[in-house]
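**Q** Take this structure, written in structure tokens, and hold onto it; I'll ask about it next.
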Amino acid sequence: MFQKNSYSVPSDSSGFLLVRIFQTRRCSVRKHAKLHKFLKISIKNTIPELIFRRKKKFKAISIRTNHIIKRIWGHYYWFSDNALIVLKKRMNTVGKELYGPTSIDFKIKKFRVAFKYIY
């Protein structure tokens with residue numbers, strides 16, 4: 229699960245090495261963001277050739293969490309790390325490749341078009 233003021237590593241080819249989560253969606257009601265929730269992040273570390281600098285703010289969506297997820301038919305699954313995808317305006321992704329596994333529930337049509345290998 230993602231919490232305010234925690235650090236995470238993006239799981240796409242955006243070039244960001246480390247980001248800080250400073251807001252979760254519906255922050256006053258929920259303290260933690262689970263799988264497929266929207267977050268607001270700021271850049272803390274990037275590769276040197278990137279045009280984006282520190283403290284620039286973006287939106288993100290979580291794709292993997294360590295928290296145990298229960299399916300409707302009784303199965304449990306979890307991932308070994310927390311990961312997110314960085315988004316630009318209008319839900320476009322900054323990076324064009326996605327690294328690592330994702331859950332079956334991540335079937336938003338826009339992301340299936342952006343990332344070719346999400347089924």
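Position one of the sequence shown corresponds to residue 229 (the numbering used here), numbered consecutively onward. Built from N, CA and C at the ideal position, the CB exists for glycine as well.
Can you tell me where the beta strand (DSSP E) with PHE267 in it begins and where it stops?
**A** The sequence given here has Leu at residue 267, not Phe. Its beta strand (DSSP E) spans residues 266-274.
**Q** Give the single residue among LYS259, ASN310, GLY243 whose Cα lies nearest to the Cα of ILE289.
**A** Among LYS259, ASN310, GLY243, the Cα nearest to that of ILE289 belongs to ASN310.
**Q** With burial defined as no fewer than 16 other Cβ atoms inside 10 Å of the residue's Cβ, what is the status of SER381: buried or exposed?
**A** In the structure displayed, the chain extends from 229 to 347; residue 381 sits before or after that span and is not available.
**Q** Would you call the stretch 290-302 and the stretch 271-280 in contact, with 3 or more CB pairs under 8 Å?
**A** No contact exists between the stretch 290-302 and the stretch 271-280.
**Q** Would ILE275 pass as a contact of LYS283 if the rule is Cβ separation under 9 Å?
**A** No, they are not a contact pair.
**Q** So the candidates are HIS295, PHE250, ILE291; which of them puts its Cα closest to the Cα of ASP240?
**A** For the residues HIS295, PHE250, ILE291, the minimum Cα distance to ASP240 belongs to ILE291.
**Q** Can you tell me which residues form a DSSP beta bridge with PHE286?
**A** In the DSSP output, where bridge partners are listed per residue, PHE286 has ILE269.
**Q** Does the beta-carbon distance from LYS201 to PHE244 come in below 9 Å?
**A** Residue 201 is absent from the structure shown; the chain starts at 229 and stops at 347.
**Q** In angstroms with no decimal places, state the Cα-to-Cα distance between ASN320 and ILE269.
**A** Going from the Cα of ASN320 to the Cα of ILE269 covers about 15 Å.
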